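**Q** In the order they appear, the protein sequences are chains A and Y. With my numbering applied, the first sequence corresponds to residues 1 to 429, in that order. With my numbering applied, the second sequence corresponds to residues 430 to 680, in that order. One structure coming up, written as structure tokens, with questions to follow.
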Amino acid sequence: MAVSQRKLDATEARLSAMALPEGGAWLTEARETALARVRDMGLPARRDEYWKYTRPDTLVDAAATTAAVFDHGEAPVFGDIDRLKIVFVDGVFDPAQSDALDGENLTIERLADIGAADIHWAKDLYGALEAKGQSPVERPLAALNTAFATDGIVIRATGKVARPVSLIYQHVSESSDVVLHHIIKMEEGADLTLLENGPAAARFNKVMEIDVADGAGFHHVRAQGRDHERRAITHMFGRLGKESTFKSFTLTVNGVMTRNECVLELTGDDAIAHVAGAALGDGDFHHDDTVFITHDAVNCESRQVYKKVLRNGATGVFQGKILVQPGAQKTDGYQISQALLLDDDSQFYAKPELEIYADDVACSHGSTTGAIDEEGLFYLRARGVPKDIATDLMTLAFLAEAVAEIESDELSEEISSRLEGWLIRRRQA
Amino acid sequence: MLEIKNLHVKLEEEDKQILKGVDLTVEAGKVHAIMGPNGSGKSTLSYVLSGRDGYEVTEGEASLEGEDLLDLDAEERAAAGLFLAFQYPVEIPGVGNMTFLRTAVNAQRKARGEEEMSATEFLKVVRAKAKTLKIDADMLKRPVNVGFSGGEKKRNEILQMAMLEPKMCILDETDSGLDVDAMKLVSEGVNALRDAGRSFLVITHYQRLLDHIKPDVVHIMANGRIVKSGGPELALEVEHNGYADILAEIA
Ligand SMILES: Nc1ncnc2c1ncn2[C@@H]1O[C@H](COP(=O)(O)OP(=O)(O)O)[C@@H](O)[C@H]1O
Ligand SMILES: [Mg+2]
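See below:
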């Protein structure tokens, strides 16, 4: 498709404000190829179908809008969990705050370091899943990321990794504009839990490519930080091998603009992909979950569970697709997106899609938008629970189904208690 | 304890008068029963007293121990000691029964300026009370009323009442949908709470429940009014002759 002049101009305006980072030969090549993809597609614009409900402007603009750093004075999420900490301050790796980058069955390197290494497994992965994920729907901001990412983490798991690897993003400067790209290779039978938390920057563009080999398990839990003014566009590209498992959960509280894209391809038989999200928005909050799951093997299962609680004019978006390729028989696909609107000013847009080219599959999807259940609210109040607490209880209950998707009890309890704590604090504010 | 004077209530949404001048006084320590045909306004009375939205009081007053009820929010009425066992207990998916109970108990204590119950103390008390009502650990863990049978829901109401220790208990058709054993269990639960400082208003269709929970006074409600009051023998009269005679008599 021809790219409009307007779009080209906007794309060049952004590109002229950026420079390809220095790197080794193969990385430079991958970046240049990605840059060519960006020029081919043009960056997202307001009229694009895939951006119908989310305005891409502030994610595309040459300069990032500044965002105040929110000092919430709370203990960091996952703080009590035994984990390997890797800290980025405004997108720059901070060795002083980070743990040593090693562990059993695990190698961890920085993207900034591996370009120079001529022979490296990452060569075959960096930008590969992203490039593949550009079809059938274009994701130009992910290609932009592959071209310009200054750093990121490169993980290879070769067996069961006992401690979770925890990426911690600190936002310090009001004008930080950060591009990070992580690649994760889960070798056959490996198992890893990856945690992410923090707002990262005023504007954050993050891509994560995860290759999950046969029989491997990848578990991901993320909390996107509480800064109100931050903006984020994140992409997760995953390939799932035979009998592999991919589970991802995202908690989003606050943030003026968030779009999380998740693009998974189940390429081996009997693979399982569960993706879930809980978002809590109040006021100037726009949150978009865009999910695309392709079944390309037999007897695979995928689940999408997304819940949003919106108030004071907050906006939620869900675009979720299950694509079942010819021959992907016995596919079990499930998708649910629900919004709880706590007032008349808030909005939820949902676009659930199924596209099925196999005949022996079970796919279902549902989407609901509703207000709080008045009967339930009265019941709680009639027992003496004040209205605001009753509302919060029902809010937590609504989100619980998404939180329950987290496999680890320790992590799901951490997320629940955070949600509860935030609700209490807001009530008391 | 509970004093209702000339209470007139209409629906907020439509111009429909439901209560047309209810007068009722329940003294401390007493059990009053209200019987009456379907649609006479019994549930509406219980909802209006407990503060549900959707009703408009056009005339009259209601007070609990001299405190005007109608000015209070539902949660304030509960903290003041009013309890309604719902005719149709509400299911609340995702909220655990225990969490719900503890939140309710402590919210009321807090509202009254009392000390909150600790988690361990709460657990001890709730387990003991649940046991007498044959409510097992699983029911306590499950989301409020979700997947409960009719009888389980009603027992759960009585458990809440036992935990909250209200002064004025309104039971709206707590006997409906109960088999004989469950009825006995529920009645025992109620009778265990009878106390000189606690009053009951038992709404029912049937004499049956009143065999177990012995009322001091029986009222007949029809068409939005209390049309007749008497002793326990009034319930027997209804049981034998239905409402027709009584309604004809007052017409
Ligand atoms: N929310 C409502 N909307 C419409 N009609 C109502 C509502 N609540 C009560 N009513 C009507 O008011 C009358 C009394 O109902 P109710 O109080 O439930 O009676 P009872 O409990 O004695 O059977 C009935 O005619 C009923 O249809
Ligand atoms: Mg009724």
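Yeah, the Cβ is synthetic: ideal placement off N, Cα and C, and Gly gets one too. What you are looking at is a predicted structure, and each value in this text was computed from that prediction instead of being measured.
(1) Give me the residue from Ser346(A), Lys330(A), Asp373(A) with the minimum Cα distance to Ile356(A).
(2) Using a Cβ-Cβ cut-off of 8 Å, state whether Ser628(Y) counts as contacting chain A.
(3) With a threshold of 8 Å between beta carbons, is Leu393(A) in contact with chain Y?
(4) Would you report the Cα separation of Asp502(Y) and Glu442(Y), rounded to the nearest angstrom?
(5) Note the first and the last residue of the continuous alpha helix (DSSP H) segment covering Gly579(Y).
(6) Restricting to runs no shorter than 3 residues, where is the beta strand (DSSP E) found entirely within the stretch 40 to 127 of chain A?
(7) I need the boundaries of the beta strand (DSSP E) containing Arg303(A), first residue and last residue.
(8) Just the Cα atoms here: how many angstroms apart are Thr683(Y) and Val385(A)?
(9) Three or more C-beta pairs closer than 8 Å, one from the stretch 294 to 313 of chain A and one from the stretch 333 to 341 of chain A: is that the case here?
(10) Within a Cβ cutoff of 8 Å, which residues of the same chain sit near Asp40(A), ignoring the five residues on either side of it in sequence?
(11) What residues sit near ligand 1, counting only those whose C-beta is closer than 5 Å to one of its heavy atoms, in chain order?
(12) Is it the case that the Cβ atoms of Lys459(Y) and Ile447(Y) are separated by a distance below 8 Å?
(13) With 8 Å as the limit, tell me which residues of the stretch 372 to 387 of chain A have their beta carbon closer than that to any beta carbon of chain Y; keep them in chain order.
(14) Which of the three DSSP states is assigned to Leu639(Y) in this structure?
(15) Decide if the stretch 343 to 352 of chain A is in contact with the stretch 496 to 515 of chain Y; the criterion is three or more beta carbon pairs, one per stretch, under 8 Å apart.
(16) Under 7 Å from any heavy atom of ligand 2, does the C-beta of Asp604(Y) make it?
(17) Between Gln516(Y) and ligand 2, is there a pair consisting of the residue's CB and a ligand heavy atom that are separated by less than 7 Å?
(18) Between Glu520(Y) and Val575(Y), how many whole angstroms is the CB-CB distance? I'm expecting something under 8 Å.
(19) May I ask whether a heavy atom of ligand 2 can be found less than 7 Å away from the beta carbon of Asp601(Y)?
(20) Specify whether the stretch 62 to 80 of chain A and the stretch 118 to 125 of chain A touch according to this definition: at least 3 beta carbon pairs, one from each stretch, less than 8 Å apart.
(21) What do you reckon, are the CB atoms on Asp601(Y) and Leu478(Y) nearer than 8 Å?
(22) Should Ser176(A) go down as buried or exposed, given a rule of 16 or more other Cβ atoms within 10 Å for buried?
(23) Thinking just about the alpha-carbon of each residue, which of Val609(Y), Gly465(Y), Lys596(Y), Lys445(Y) is nearest to the one in Ala625(Y)?
(24) Spatial neighbours of Val317(A) within its chain, please: C-beta separation below 6 Å, excluding the five flanking residues on both sides.
(25) In chain A, which residues lie with their C-beta within 9 Å of the C-beta of Ile447(Y)?
(26) Is the distance from the Cβ of Lys471(Y) to the Cβ of Ile632(Y) below 8 Å?
(27) Using beta-carbon positions only, say whether Met592(Y) and Asn526(Y) come within less than 8 Å of one another.
(28) At the level of alpha carbons, what is the spacing between Arg259(A) and Ala75(A)?
(29) Hey, quick one: how far does the alpha helix (DSSP H) through Ile184(A) stretch, first residue to last?
(30) Can you name the residues of chain A whose CB is closer than 7 Å to the CB of Arg481(Y)?
(31) Ordered along the chain, which non-local residues of its own chain (more than five positions away) have a Cβ less than 6 Å from that of Cys262(A)?
(32) Which whole-angstrom value is the C-beta distance of Ser248(A) and Ala271(A), which I expect to be below 8 Å?
**A** In short, the structure shows the following:
(1) Ranking Ser346(A), Lys330(A), Asp373(A) by CA distance to the CA of Ile356(A) puts Lys330(A) first.
(2) No, its Cβ sits nowhere closer than 8 Å to a Cβ of chain A.
(3) It does; some Cβ of chain Y falls within 8 Å.
(4) Just so you know, the alpha carbons of Asp502(Y) and Glu442(Y) end up roughly 20 Å apart.
(5) From DSSP, the alpha helix (DSSP H) with Gly579(Y) extends over 579 to 593.
(6) At a cut-off of 3 residues, the continuous stretches assigned as beta strand (DSSP E) that sit fully inside the stretch 40 to 127 of chain A are 84 to 89, 106 to 110.
(7) If you look at Arg303(A), you'll find it in the beta strand (DSSP E) that goes 301 to 311.
(8) What is shown of chain Y runs 430 to 680, which leaves residue 683(Y) out entirely.
(9) When C-beta atoms of the stretch 294 to 313 of chain A are compared with those of the stretch 333 to 341 of chain A, three or more pairs fall below 8 Å, so the two segments count as touching.
(10) When the five nearest sequence neighbours on each side are left out, the beta carbons in the same chain lying within less than 8 Å of the beta carbon of Asp40(A) are those of Val3, in order along the chain.
(11) My final list is Ile447(Y), Asn467(Y), Gly468(Y), Ser469(Y), Gly470(Y), Lys471(Y), Ser472(Y), Thr473(Y).
(12) For Lys459(Y) and Ile447(Y), no; Cβs fall outside 8 Å.
(13) Listed in sequence order: Asp373, Glu374, Glu375, Gly376, Phe378, Tyr379, Leu380, Arg381, Ala382, Arg383, Gly384, Val385, Pro386, Lys387.
(14) Here Leu639(Y) carries a helix assignment [DSSP, helix/strand/coil].
(15) Result no; under three Cβ-Cβ pairs closer than 8 Å.
(16) Every heavy atom of ligand 2 is 7 Å or more from the Cβ of Asp604(Y), so no.
(17) Set against 7 Å, the gap from the CB of Gln516(Y) to the closest heavy atom of ligand 2 is smaller.
(18) Rounded to whole angstroms, the Cβ separation of Glu520(Y) and Val575(Y) is 5 Å, and the two are in contact under 8 Å.
(19) With a cutoff of 7 Å, Asp601(Y) counts as near ligand 2, since its C-beta is closer than that to a heavy atom of the ligand.
(20) They do not touch, by the three-pair rule.
(21) For Asp601(Y) and Leu478(Y), no; Cβs fall outside 8 Å.
(22) Per the 10 Å Cβ criterion, buried.
(23) Among Val609(Y), Gly465(Y), Lys596(Y), Lys445(Y), the Cα nearest to that of Ala625(Y) is on Lys596(Y).
(24) Closer than 6 Å at the Cβ level, and outside the excluded window around Val317(A), lie Tyr53, Thr54, Asp288, Tyr349.
(25) Going along chain A, no residue has its Cβ under 9 Å from Ile447(Y), so there is no contact; the nearest lies around 17 Å.
(26) Judged by their CB atoms, Lys471(Y) and Ile632(Y) are nearer to each other than the 8 Å cut-off.
(27) Not a contact, by the Cβ cut-off of 8 Å.
(28) Pairing Arg259(A) with Ala75(A), the inter-Cα distance amounts to about 26 Å.
(29) Looking at the DSSP string, Ile184(A) is not in any alpha helix (DSSP H); the run it does join, the beta strand (DSSP E), is 177 to 186.
(30) Chain A residues near Arg481(Y): Phe378.
(31) Closer than 6 Å at the Cβ level, and outside the excluded window around Cys262(A), lie Met236, Val275, Val291.
(32) Cβ atoms of Ser248(A) and Ala271(A) stay farther apart than 8 Å, at about 14 Å.
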